[in-house]
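The sequence shown begins at 1352 in the working numbering and counts up by one. No residue lacks a Cβ here, since even glycine has one placed at the ideal position from N, Cα and C.
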Amino acid sequence: MLKDMTKGSPMRHIFTFAIPMLIGNIFQQLYNMVDSIVVGRFVGPNALAAVGTSFPVIMLIISMVIGLTAGGGIIISQLYGAKEMEKLKRAISTAFIFQLIAGIIITFMGLTLSGWLLTKLNVPPEVFDDSLTYIRIFFAGLLTMFAYNIYSGVLRSLGDSKTPLYFLIVSTVVNIVLDILFVARYGWGVAGVAWATVIAQGVSTVLSVIYVYAKVPLLALKPKDFIFDKELFFTMIRLGIPSSIQQSLASLGIIAVQGLVNSFGAVTMAAYTAAGRLDSFANMPSMNIAMSVSTFTGQNLGAGKTERVKEGLVAALKIMAVFSIFMSALIFMFGPNMITIFIDSSETEVIRQGVEYMKTVSIFYPVFGILLIFNNLLRGAGDTKIPMFTTLFNLGVRVVAAYYLASTSLGYRGIWISLPVGWCVGSLVPVTRYFSGKWKTKAVTS
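This is how it looks when you write it as structure tokens:
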């Protein structure tokens, strides 16, 4: 069901919009977690390291998808808030055409360059072949991910965060069943995990198409409805390219750090993979609250209700603080137990390093939440260059700190410390921009 966020309680809107996305992203993380659990338990540490070292490359592509979607999402949410329905339909059509073409191009590039990327990541020989297999299968099924993100992204921009959740739950269950079947039963190893993910994504795409054409006339585009509006396209590019660059640079920073992690060997790689999965899981609440703020800001700024945007910000910060403190406490109490989800308890050094990572970064989860929320408020307002600069600044600090600290007596621990250092410094940029008030003039609606 589509949701108008220009009326009613800001806290209720942000919370109720975030919860389905949170549940959905928990299931999305289960994709990655189950992949890691199955290969770690049924194949071994080297297979876990192979999946882990492939992950930054995959996240680079996913980030490009998210970034390309962002420009259309900003326009769609603002047009929906302004109730400009004819222009809204043209925007949806233009976004579909643009993103499908981009998906085809990225698929080709990924299949062609995946081996080169892994070489640049200093992937050890014992995990290289498995990493290459995993990445190539992922790229082979990339168009299904693009198609699902098109439908789910438009639905969320129109205020419907529940429907994508239902399809994602089904898809995750399919992924889990196929992971166990392909790896534990048939012994396909890393390839089995990759194929399970691709097939499951295909299921979510098919369900999305069926739902849209049966239940949402606004999105059920017929051949005659596919109109490519050049003016809207260039606006999407203007808004989306900074977001795409931001997301891609974030992933490139992760790739740079992954290369440093790889230099410490397979044990540290496995620890980084397991702890990183848990870290992503723990930050899901803050990420989804921030995504809610983006849609809330877009609709209310489109409707000319700037004061409601400020009310939404305060509500989001309160919700984020509660979730962040809770997740930090869980990690300090149950860190070792969490790591052993991914790896056998006999791998004591992997567990020890993984727990060190989690405890180091979790203290700073509230700071990361502030960074996300202010960035997404600016993005929802159409002020997309500042979040891009924030990411550049954050990543520059993190990568430099990681390489410097890792070269000292801290060793691999310096990599763990560099992450919150980047958060603390990077958060200063969007917070300063917000209080300047310049974001209020960036709406794209007439």
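Extent of the continuous alpha helix (DSSP H) run through residue i
{"i": "ASP1576", "result": "Premise fails: ASP1576 is in no alpha helix (DSSP H) and is neither H nor E."}
{"i": "TRP1539", "result": "Run containing TRP1539: none; DSSP gives neither H nor E here."}
{"i": "PHE1647", "result": "1635 to 1653"}
{"i": "ILE1670", "result": "1657 to 1690"}
{"i": "VAL1751", "result": "1736 to 1757"}
{"i": "THR1699", "result": "1699 to 1713"}
{"i": "LEU1570", "result": "Unbroken run through LEU1570: none, as it is neither H nor E."}
{"i": "PHE1490", "result": "1476 to 1491"}
{"i": "ASP1530", "result": "1513 to 1530"}
{"i": "TRP1767", "result": "1764 to 1777"}
{"i": "ASN1727", "result": "1716 to 1731"}
Selection from the options that minimises the alpha carbon distance to residue i
{"i": "VAL1408", "options": "ARG1659, LEU1664, TYR1485, SER1758", "result": "TYR1485"}
{"i": "SER1360", "options": "LYS1440, THR1548, GLU1662, GLY1627", "result": "GLU1662"}
{"i": "ALA1400", "options": "VAL1544, ASP1511, VAL1474", "result": "VAL1474"}
{"i": "PRO1593", "options": "ASP1481, LEU1770, GLY1733, LYS1358", "result": "GLY1733"}
{"i": "VAL1712", "options": "ILE1702, THR1699, MET1678", "result": "MET1678"}
{"i": "ASP1580", "options": "LYS1438, PRO1396, GLY1391", "result": "LYS1438"}
{"i": "ARG1628", "options": "THR1404, ALA1753, MET1372", "result": "THR1404"}
{"i": "ILE1370", "options": "MET1642, THR1741, LYS1440", "result": "MET1642"}
{"i": "PHE1449", "options": "VAL1534, SER1428, ALA1421, MET1436", "result": "ALA1421"}
{"i": "LYS1358", "options": "LEU1464, GLY1510, PHE1533, VAL1554", "result": "GLY1510"}
{"i": "VAL1780", "options": "VAL1748, THR1792, ALA1753", "result": "VAL1748"}
{"i": "ILE1768", "options": "VAL1782, THR1759, ALA1753", "result": "ALA1753"}
{"i": "TYR1502", "options": "PHE1533, GLY1543, LEU1529, ILE1427", "result": "ILE1427"}
{"i": "LEU1483", "options": "GLU1700, LEU1493, LEU1469, GLY1492", "result": "LEU1469"}
{"i": "VAL1541", "options": "LEU1681, ASP1480, SER1599, VAL1612", "result": "ASP1480"}
{"i": "LYS1789", "options": "TRP1774, PHE1393, VAL1644, LYS1736", "result": "LYS1736"}
{"i": "ILE1476", "options": "PRO1717, ASN1397, PHE1715", "result": "The sequence given here has Pro at residue 1476, not Ile. When only C-alpha atoms are compared, the closest one is ASN1397."}
{"i": "LEU1743", "options": "SER1696, SER1595, PHE1632", "result": "SER1595"}
{"i": "ALA1601", "options": "THR1741, THR1759, LEU1681, ALA1625", "result": "THR1741"}
{"i": "ILE1766", "options": "THR1495, MET1620, VAL1782, MET1739", "result": "MET1620"}
{"i": "LEU1493", "options": "ILE1520, GLY1553, SER1522", "result": "GLY1553"}
{"i": "THR1624", "options": "TYR1537, GLN1379, GLY1391", "result": "GLY1391"}
{"i": "VAL1521", "options": "LEU1558, ARG1507, TRP1539, ARG1536", "result": "LEU1558"}
{"i": "LEU1529", "options": "LEU1761, ALA1547, PHE1632, TRP1774", "result": "ALA1547"}
{"i": "PHE1715", "options": "ALA1680, PRO1687, PHE1786", "result": "ALA1680"}
Short Cβ contact (8 Å threshold) for residue i with residue j
{"i": "PHE1406", "j": "THR1458", "result": "no"}
{"i": "ALA1666", "j": "MET1362", "result": "yes"}
{"i": "ILE1455", "j": "MET1635", "result": "no"}
{"i": "THR1556", "j": "TYR1517", "result": "no"}
{"i": "SER1637", "j": "PHE1719", "result": "yes"}
{"i": "ASN1745", "j": "GLY1777", "result": "yes"}
{"i": "GLY1375", "j": "GLY1504", "result": "no"}
{"i": "ILE1670", "j": "ILE1702", "result": "no"}
{"i": "ILE1721", "j": "VAL1706", "result": "no"}
{"i": "GLY1653", "j": "ALA1433", "result": "yes"}
{"i": "ALA1545", "j": "ASN1526", "result": "no"}
{"i": "LEU1411", "j": "ILE1606", "result": "yes"}
{"i": "ILE1365", "j": "PHE1725", "result": "no"}
{"i": "VAL1604", "j": "LEU1472", "result": "Note on identity: in this sequence residue 1604 is Gly, with Val being the wrong assignment. For GLY1604 and LEU1472, no; Cβs fall outside 8 Å."}
{"i": "TYR1564", "j": "THR1514", "result": "no"}
{"i": "PHE1630", "j": "MET1684", "result": "Position check: residue 1630 holds Asp in this sequence, whereas Phe was assumed. Not a contact, by the Cβ cut-off of 8 Å."}
{"i": "TYR1755", "j": "GLN1704", "result": "no"}
{"i": "PHE1447", "j": "LEU1572", "result": "yes"}
{"i": "LEU1570", "j": "ILE1443", "result": "yes"}
{"i": "MET1587", "j": "THR1792", "result": "no"}
{"i": "GLN1650", "j": "TYR1785", "result": "no"}
Contact test: residue i Cβ vs the ligand PLP heavy atom, cutoff 7 Å
{"i": "PRO1396", "result": "Among the components of this structure there are no ligands whatsoever, and the ligand PLP is therefore not found."}
Ordered list of alpha helix (DSSP H) runs contained in the stretch 1377 to 1449, each at least 4 residues
1396 to 1433
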